[in-house]
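*Asks:* Here it is, the structure, as structure tokens.
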Amino acid sequence: MTPAARIAAAIGILDRVLGGSPAEQALTGWGRGSRFAGSRDRAAVRDLVFDALRCLRSFSALGGAADGRGLMIGLLRSSGTDPATIFTGEGYAPAQLTGAELAEPAAIPRWAALDCPDWIGTHLERALGPETDVVLARMRERAPAILRVNAGKATVADAIASLAGDGIATKAHPLANFALEVTENAPKIRNSTAYATGLVELQDAAPQAAVEALPLKDRMRVLDYCAGGGGKTLAMGSRAKLKLFAHDAAPQRMADLPARAARAGVRVTALATGDLARHAPFDLVLTDVPCTGTGTWRRAPDAKWTLTPERLADLLKVQAAILDRAAVLCAPGGWLIYMTCSLLAEENRDQIDAFLTRNPDFTLRHERLITPVEGGDGFYTAHLSRV
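In terms of numbering that gives the first Met the number 0, the sequence shown opens at residue 0 and continues consecutively.
See the structure below:
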């Protein structure tokens, strides 16, 4: 595919996404119907789509319209490329620019230039203060592929060497001791020997740093209360010799955990909701709660355009309920850990302060907000100890 043909394909996909289709679904549908597109073409089109979604407001302003065509015109202008060189109407290229599309773009307001919905901008500014613009600018960029080295199976040097043997170049990431940033051939990771044998797992550096900070000791009974796919469960298992339990309100999310645990050499006992009380108390209960995901906008950019104040309000209620339920499972002298991939104070420190008011037998011992300025996703963690 020519660069112009890739732009044309991205326009069609973006129109479907803007019409309500999830980005991944729209990309998969295009790929199935475009057998002529090679792996490099599919990767290039995917990058165009996600770059446009990360920068939807600014590219729309630069391109003169909030549709696929306008976004691609805006993307080209943002990169310093004259859209007229691509929009030629020749072959598989998009149709030539109209008079309106050739017009000089107007000045772009602050939140639009930062590609942030107006309503949530003030929420982020409250949480981030003077770093707001810098953080949001970073959120407009692609996120790197990050791996976690399984300390129970390999050293960082061993993992780097194994990956290099499969043509995958990596370098140490400063945010976490066992984090590697992939610098070449990220698509090969899942077919690599290091991945197949459990030497590495895909996990952003921010949650890795959060798990490394947990007060884990050998023989502790640890519950991952909102386990999902089990990434943090396995990360904890690589830190110490633990009695690990995993639970999720939607058990199907843990479907891949047994295979992942076996590959990593970690033993995990899955618990249904009705079994939690029988196995309690736990020395440490980790709650990585459902949240707005504002810290992961680089990886899931379409999420920021579908987030609403009503959705935020609903999530705040869910988070508070999870904390209260998890607190009951925590042993005296134990730890309750709260985590989100959100940057919002409402979901982070505000939620902790409200919990402590309801539960005076807990004390906040540690908290940290990581932002993309530090090289990872946005991520919050709080450690609460029980009397």
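Where a beta carbon is used, it is the ideal one built from N, C-alpha and C, also for glycine.
Treat the numbers as computed from the prediction; the structure is a model and nothing was measured.
1. Report back the beta-carbon spacing between Gly-18 and Trp-29 to the nearest angstrom; my notes put them in contact at under 8 Å.
2. With a Cβ-Cβ cutoff of 7 Å, do Gly-63 and Glu-124 count as a contact?
3. Bridge partners for Tyr-224 per DSSP, in chain order?
4. Going by C-alpha distance, which of Ala-175, Pro-289, Arg-137 and Asp-255 is nearest Gln-202?
5. In three-state DSSP terms, what is Glu-103?
6. Could you pull the DSSP bridge partners for Arg-385 from this structure?
7. Roughly how many angstroms separate the alpha carbons of Ala-178 and Thr-97, rounded to a whole number?
8. Scan the segment 302 to 377 and note each continuous alpha helix (DSSP H) run of 4 residues or more that stays entirely inside, going in chain order.
9. Should Tyr-337 be labelled buried (16 or more other beta-carbon atoms within 10 Å of its own) or exposed?
10. Under the assumption that Val-148 contacts Leu-198 (Cβ atoms under 8 Å), give the Cβ distance between them as a whole number of angstroms.
11. Please report the distance separating the alpha-carbon of Thr-388 from that of Thr-305.
12. Flag this pair as touching only if the segment 308 to 317 and the segment 143 to 158 have three or more C-beta atom pairs under 8 Å; answer yes or no.
13. Whose C-beta lies closer than 8 Å to the C-beta of Arg-53 among residues of the same chain, with five residues either side of it excluded?
14. What residues are listed by DSSP as bridge partners for Arg-277?
15. Which residue from Gly-333, Gly-332, Ala-326 and Pro-289 puts its Cα closest to that of Ala-312?
16. What three-state label does DSSP hand Glu-124 in the structure shown?
17. Over what stretch of residues does the alpha helix (DSSP H) that includes Arg-259 continue unbroken?
18. Going by beta carbon distance, what residues of the same chain come within less than 8 Å of Gly-88, once the five residues before and after it are set aside?
19. Would you identify the three-state DSSP class for Ala-245, choosing helix, strand or coil?
20. On a Cα-Cα basis, can you pick out the residue from Glu-103, His-278, Val-16 and Ala-381 that is closest to Asp-287?
21. Alpha helix (DSSP H) containing Gly-55: first to last residue?
22. Looking at the secondary structure, which residues open and close the beta strand (DSSP E) in which Val-199 lies?
23. Answer with buried or exposed for Arg-68, where buried requires no fewer than 16 other C-beta atoms within 10 angstroms of its C-beta.
24. Please report how far the alpha carbon of Leu-13 lies from the alpha carbon of Met-71, in whole angstroms.
25. If we count the other Cβ atoms within 10 Å of its Cβ and call it buried at 16 or more, is Lys-464 buried or exposed?
26. For Thr-370, collect the residues of the same chain with a Cβ closer than 6 Å to its Cβ; drop the 5 residues on either side in sequence, then sort them by chain order.
27. Compare the beta carbon distance of Leu-275 and Trp-334 with 7 Å and say whether it is the shorter of the two.
28. When DSSP labels each residue in this structure, what does Tyr-379 get in the three-state scheme?
29. Just to confirm, is the Cβ distance from Thr-362 to Ser-384 under 7 Å?
30. Going by alpha carbons, who is nearest to Ala-326 out of Ala-344, Pro-308, Leu-368 and Pro-280?
31. In whole angstroms, what is the alpha-carbon distance linking Ile-188 and Glu-309?
32. Once DSSP output is grouped into helix, strand and coil, what is the label at Val-133?
33. Just grab the DSSP bridge partners of Ala-42 for me.
34. Could you tell me the distance, in whole angstroms, from the CA atom of Val-265 to the CA atom of Ala-150?
35. Leaving out five residues on either side along the sequence, give the residues of the same chain with a beta carbon under 6 Å from the beta carbon of Leu-47.
36. Does the beta carbon of Leu-311 sit closer than 7 Å to a beta carbon anywhere in chain D?
*Replies:* Checking against the coordinates, here is how it stands:
1. Going by Cβ atoms, the distance from Gly-18 to Trp-29 rounds to 14 Å, so no, they are not a contact pair.
2. no
3. Per DSSP, none; premise fails for Tyr-224.
4. Ala-175
5. coil
6. Phe-361
7. Whole-angstrom Cα-Cα distance: 48 Å.
8. 308 to 327 and 348 to 357
9. It counts as buried.
10. Sure, about 7 Å apart at Cβ, within 8 Å.
11. No statement about residue 388 is possible, as the shown extent of the chain runs from 0 to 386 and does not include it.
12. no
13. Asp-114, Met-138, Arg-139, Glu-140, Arg-141, Trp-296, Arg-297 and Pro-300
14. Answer is none; Arg-277 lacks a bridge partner.
15. Pro-289
16. Of the three classes helix, strand and coil, the one that applies to Glu-124 here is helix, per DSSP.
17. 256 to 263
18. Same-chain partners within the cutoff: Ala-94 and Gln-95.
19. strand
20. Ala-381
21. Looking at the sequence provided, one finds Leu at residue 55 rather than Gly. Start and end: 55 to 62.
22. First-last of the beta strand (DSSP E) with Val-199: 199 to 201.
23. buried
24. When rounded, the distance between both Cα atoms is 9 Å.
25. The structure shown has nothing for residue 464, since the chain only spans 0 to 386.
26. Excluding residues within five positions, the ones whose Cβ falls inside 6 Å are Val-134 and Gly-377.
27. no
28. DSSP places Tyr-379 in strand when its eight states are reduced to three.
29. Yes, the Cβ-Cβ distance between Thr-362 and Ser-384 is below 7 Å.
30. Pro-280
31. 38 Å
32. The answer is helix: DSSP assigns Val-133 an H, G or I state.
33. Paired residue(s): none; Ala-42 is not in a bridge.
34. 11 Å
35. Taken in chain order, the residues that qualify are Ala-9.
36. The structure shown contains no chain D; it is built from a single protein chain.
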